[in-house]
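Student: I'd like to ask some things about the structure below.
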Amino acid sequence: MSEFSKTIFINITKKYFYYIAVFNIIDMLLTLYATTKGYGVEINPFLSELVNYPVLFVISKGVLPSLLLLIVFYRLRQAKAIEIKKSIKYLKLCSYWYMLVITSHFIWIYYSFIF
22 MSEFSKTIFI
32 NITKKYFYYI
42 AVFNIIDMLL
52 TLYATTKGYG
62 VEINPFLSEL
72 VNYPVLFVIS
82 KGVLPSLLLL
92 IVFYRLRQAK
102 AIEIKKSIKY
112 LKLCSYWYML
122 VITSHFIWIY
132 YSFIF
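Count along the sequence shown starting at 1, add 21, and that's the number in our numbering.
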């Protein structure tokens with residue numbers, strides 16, 4: 022594949038990395054809100070203890086994953102075009118998963134106001 026194709030694939034992956042980073046931050050904020058208000062629980066056993074320490078929770082669930090995304094993105098830029106193209110489907114899958122998680126947060130919060 023050409024360098025032009027690689028540039029296009031990199032731009033597509035960049036979009037999905039942004040989506041995942043934003044979805045991750047939204048997930049973190051909604052998790053903090055839901056757990057502190059008693060509307061939900063953190064199901065990740067490593068992070069469930071950190072919910073009581075908001076600063077550590079934000080660093081662990083918000084900042085570190087965003088930094089890891091940045092590192093992966095910069096490493097992916099060095100990959101071959103075909104590898105970058107393959108990674109797009111996994112980035113899409115991750116984005117869809119985050120959408121599902123965020124939707125579940127909104128459902129918890131919505132039902133907590135009704136019941």
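Every residue, glycine too, gets a C-beta built ideally from N, C-alpha and C.
#1: When you compare only the Cα positions, how much space is there between Phe30 and Val84?
#2: What is the DSSP secondary structure of Ser23, reduced to helix, strand or coil?
#3: Please state the DSSP three-state secondary structure of Ile64.
#4: Could you pull out every residue in the same chain whose Cβ sits closer than 6 Å to the Cβ of Phe38, ignoring the five residues on either side in sequence?
#5: Let's test the definition: count the other Cβ atoms within 10 Å of the Cβ of Phe134 and tell me whether it reaches 16, buried, or not, exposed.
#6: For Leu112, count neighbouring C-beta atoms within 10 Å of its own C-beta (all shown protein chains included) and say buried if the count is 16 or more, exposed if not.
#7: Looking only at C-alpha atoms, which of Leu97, Ser87, Ser81 and Tyr74 sits nearest to Thr34?
Tutor: Answer, in terms of the structure:
#1: 26 Å
#2: coil
#3: coil
#4: Leu90 and Phe94
#5: exposed
#6: buried
#7: Leu97
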